[in-house]
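Shown next, in structure tokens, is the structure this report addresses.
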Amino acid sequence: MKYQHFLISICLLGSFLWSNNIFANSINDYDSQSLLSHFEQSLADKNFTDITSILRQDLSRLKSFPLNQETLPIIKFDSVEQADESDESDEFIIIDRNQIQQMVKQLVKNLSFSQSIEDENSIIQLAGLSDDIRDQLTTYKRYNFTPPLIALNKVTFYDGTFLELNDNALDMYRARLQYSVESTKRITIIDILVNYMVPDKPLETLTFTASKLSTKQGDINLLFVDNNVAEFEFVNRDPDSILHVEAIDKQNHIVNSSNQWSYQFNQPEIDIIINFYQILLNQIDQNVITDKTQLLRYLEDHIQVLSDNLQQVYGQLTTRVAYYFKRQPMTITLFVKPDPQIMAYQAQINTSKSPYYNHAIVSSFGDNNVKGLKAETGEIIVDGNYRDIDYLVDQYYRVSLINDGWNYKIYRLDTANQQFAPQPFYMMDSKLYLQRWIIVNQDANNNFIKGLVDIQNHQLAIPLQYSNINISESFIIASRINKAKQIDDNEVYNSNNLQKLFSGQGRVTVDKNNFIVKNEICVTQEPNYYKYSTTSRDNITYYCYDNYHLYDDKGQQLSTAPYFDVSDNFSQNNLLLVTTDKQQQRFVNRQGQDVEIALDSYINVSPFSEGLAVVECSSNQLYGYINTQGKLTIPCLYQSASQFIGGSALVEQNDQYQLISPTNSVIKRFDTSLAASERNGPDSITYFFHDGSTYNNKGEHID
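Start counting the sequence shown at 7; every next residue gets the next number (the numbering used here).
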């Protein structure tokens, strides 16, 4: 809060006492010799008539002080009457001491640290301030307390040794909390001390009613309320002790103070100076003092009394503060700032996110910030001869040389010889598959020539010859485009021992321990199959149809004859719906064996989902559901039916949609038609209806 200083130049004496502050800097300013010296210097170039005039002007100004309501500055809003009555201020919320203590404990609980190495020092950086803690810190700031301070007291190294520290405490408001430790050994635990403040007592509020002026609460007095202004008087109290000011308007809305203006004075001092001036001027008016010499002599004789009187009232301050609101206040509440009580909380943090890989960390060296590697012991493994080093995966790093710009190459850390070994490939994919395989590229500018590295021997297990490599739990599929036939040439390997299981053309899809190969067969004679497409090349019409074969994890072909259609994957019951060239549907298991489920009574069959499959009965062209034994457990009653997902299925009967359970009981009926649906996961689906409503698979409305 900035105070307006109205005693500056109000009078000869005032310009001396309050030249820098509204009140004297110290009681020594009232020393009689200092006062007399000031008078003599101020009057040196003035004659007696001028001095008398100045004294009268000063006395008039002093008597008009303090300022009254009419002299307050005008802060304009649109107008009180036109102010938006719906523009309500937020409630002033502040956390109490118990919440602050819990905040600090939660803060420490969430903290982690990371270590970086610069020459012979470690830099420890704290992390983990959650959004919730940041919100509480924002509320904590409203106290205007000193920010919570975190000091790093001790670090414990990987080998159990430790180092006690006396580092500077950092405040939690900083964007980065970093500490320097004179060691390059790996740090696994840090001990911190958090010093913070809590209010010494619950937050005190003082409420004043606008209709009751001159209401005094302690040393605060409400002087007046006029339109959007409320003025208070603080006697021997700092207005900065008020944490927040808010009002309630006539609509019972909260209105925060939007601005304030204040001035400060010592009324007893002013009264003493007025009395001194009045006696002095009375002596002049009665011709007791008739010239400048007599005036100075009078001052010499009476300055000690003035000095003594001023020293007696030193520091008796009154402050007047005007608070401005956007609307007229009916009641005004002052939130009194409590005194701070310092608290301390010690904690140990053992959650480290330090980038140690292969028992080493990338370290910086020298003013040029070149990079190398240091071991957990702090010893150098790889000298600082590199512009940049990025860890990728296993023992592999992406490295740029000092004299090679930012051209990165792949190096492997040879821990036995403590050096980097250049590699004949590049890495765009830094993922380790099945804890063994890494997909690599021929160079940094080509992602279409790939191979496979085995970290057990750090050799290329699959050469750099393939446009794509996919890895699953059971299989590795390496593909390259056959440009002549515009189809993939594939090799399928066992992902454990890299045994080649299949080599051929087509599109390969994997389902756990099975894979399916799809090929498109194109002939010039129209086939007698139920489903095919046509295309024309070189004025020749080709008839194309799909051809599928099923294989196991040993590469054995399980389908004796090709399938002409298959469902996307095996169901939870390990059944795959296939279609023969005669448009006959049947289910096979993972061994490729037919499952005895009679489907002759159905026109169409869908894959199983949650143990039930949608079927269209040939008898009435309506839909029902069969179980995995082929039993029609839900009769063919529905115009349309969908798969069971998350314990329900959406069906349509008599032009009305409804959700049913596996026992065909109705979960929810809908009064409108389906617009769309969206699968959200294996057990969740959302339905969108034409009236704009949305429901989940439990029949619950979604806003």
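Don't be surprised by glycine CBs; every beta carbon is placed ideally from N, CA and C.
Residue nearest to residue i in terms of C-alpha spacing, selected from the options
i    : options                   : result
Q121 : N150, K359 and Q635       : K359
S59  : S263, V231, D291 and N453 : D291
V258 : P274, M203, R333 and Q284 : A small correction: the amino acid at residue 258 is Asn; Val does not occupy that position in the sequence shown. When each option's Cα is compared against that of N258, the closest is R333.
T547 : C528, S565 and N553       : C528
F426 : Q563, Y392, N453 and I609 : Y392
D255 : A236, Q273, D389 and N272 : A236
T194 : S624, L312, Q354 and S247 : Q354
F341 : V251, D307 and N423       : V251
K111 : A350, F45 and V311        : A350
A253 : N288, E684 and F214       : F214
D677 : T700, K147 and Y179       : T700
D177 : V161, K191, E170 and F151 : F151
L583 : Y554, N116, G561 and D137 : Y554
L466 : S473, S485, N453 and W443 : W443
N765 : I248, V368, D552 and K560 : The displayed coordinates of the chain run from 7 to 709. Any statement about residue 765 would go beyond what the structure contains.
T339 : I248, N488 and Q645       : I248
Q635 : R592, L564, A490 and P361 : R592
I387 : S369, N374 and N375       : S369
Rounded C-alpha distance that separates residue i from residue j
i    : j    : result
D102 : L440 : 51 Å
V657 : Y569 : 30 Å
Q448 : Y432 : 6 Å
V572 : N519 : 17 Å
D173 : L183 : 12 Å
N423 : I445 : 26 Å
E382 : Q108 : 36 Å
Y9   : F371 : Note on Y9: pLDDT 37, under 50, position unreliable in the model; the coordinate value appears next. Those two C-alpha atoms are separated by around 53 Å.
A769 : K207 : As shown, the chain starts at 7 and ends at 709. That puts residue 769 outside it, with no answer to give.
Y363 : D574 : 41 Å
I632 : V620 : 7 Å
S32  : N272 : Since pLDDT at S32 reaches only 49, below the 50 mark, its modelled position is unreliable, and the value read off the structure follows with that caveat. Using only the alpha carbons, I get a separation of about 14 Å.
S38  : E306 : 9 Å
N201 : A157 : 8 Å
I691 : S648 : 11 Å
D96  : Q105 : 20 Å
D394 : H365 : 19 Å
I279 : P245 : 26 Å
P335 : S217 : 10 Å
I708 : Y535 : 46 Å
I100 : P613 : 59 Å
D697 : L680 : 9 Å
V319 : N227 : 21 Å
Buried versus exposed, by CB contacts within 10 Å (16 or more), residue i
i    : result
K456 : buried
K506 : exposed
N626 : exposed
V311 : exposed
G224 : exposed
Q471 : exposed
I196 : buried
P428 : exposed
W412 : exposed
N496 : buried
P205 : buried
A682 : exposed
T585 : buried
G687 : exposed
N234 : buried
E46  : exposed
V294 : exposed
Q142 : buried
A484 : buried
CB contact below 8 Å: residue i versus chain C
i    : result
T530 : Reference to chain C is not applicable here, since this structure consists of a single protein chain.
- May I ask you to verify whether the stretch 535–548 touches the stretch 506–515, counting CB pairs closer than 8 Å and requiring at least 3? Because the criterion of three Cβ pairs below 8 Å is not met, the stretch 535–548 and the stretch 506–515 do not touch.
- Count the C-beta pairs between the stretch 261–268 and the stretch 162–171 that are closer than 8 Å, then say yes if the count reaches three, no if not. No, the stretch 261–268 is not in contact with the stretch 162–171.
- Message: Between the stretch 232–243 and the stretch 311–327, can you find at least three pairs of beta-carbon atoms closer than 8 Å?
- Response: They touch, by the three-pair rule.
- Message: Contact between the stretch 415–430 and the stretch 472–485 is defined here as three or more beta-carbon pairs at a separation below 8 Å; is this criterion met?
- Response: Segment contact: the stretch 415–430 against the stretch 472–485, fewer than three CB-CB distances shorter than 8 Å; contact not assigned.
- Mind listing, in chain order, the continuous beta strand (DSSP E) runs of no fewer than 3 residues lying wholly within the stretch 614–701? You should have 618–623, 629–633, 638–644, 655–659, 662–666, 672–675, 680–687 and 690–695.
- Message: Pairs of beta-carbons, one from the stretch 686–705 and one from the stretch 645–656, closer than 8 Å: are there three or more?
- Response: The stretch 686–705, when compared against the stretch 645–656, does touch it at the 8 Å Cβ threshold.
- Task: State whether the stretch 417–436 contacts the stretch 393–400, with contact taken as three or more CB pairs (one from each stretch) at a distance under 8 Å.
- Result: A contact is defined here as three or more CB-CB pairs under 8 Å, and the stretch 417–436 meets this definition with respect to the stretch 393–400.
- Message: Would the stretch 125–137 count as touching the stretch 183–197 if we require 3 or more Cβ pairs under 8 Å?
- Response: Three or more Cβ pairs drawn from the stretch 125–137 and the stretch 183–197 lie within less than 8 Å of each other, which places the two stretches in contact.
- Message: If we require 3 or more residues per run, which beta strand (DSSP E) segments fall completely within the stretch 511–571?
- Response: Whole beta strand (DSSP E) segments, 3+ residues: 513–517, 520–529, 539–543 and 546–557.
- Task: Take every Cβ of the stretch 292–299, pair it with every Cβ of the stretch 52–69, and state whether three or more of those distances are shorter than 8 Å.
- Result: The stretch 292–299 vs the stretch 52–69: in contact.
- Item | Secondary structure, beta strand (DSSP E): runs of 3+ residues fully inside the stretch 344–418 | Taking only runs of at least 3 residues, the beta strand (DSSP E) segments lying wholly in the stretch 344–418 are 346–355, 366–371, 376–381, 386–399 and 402–407.
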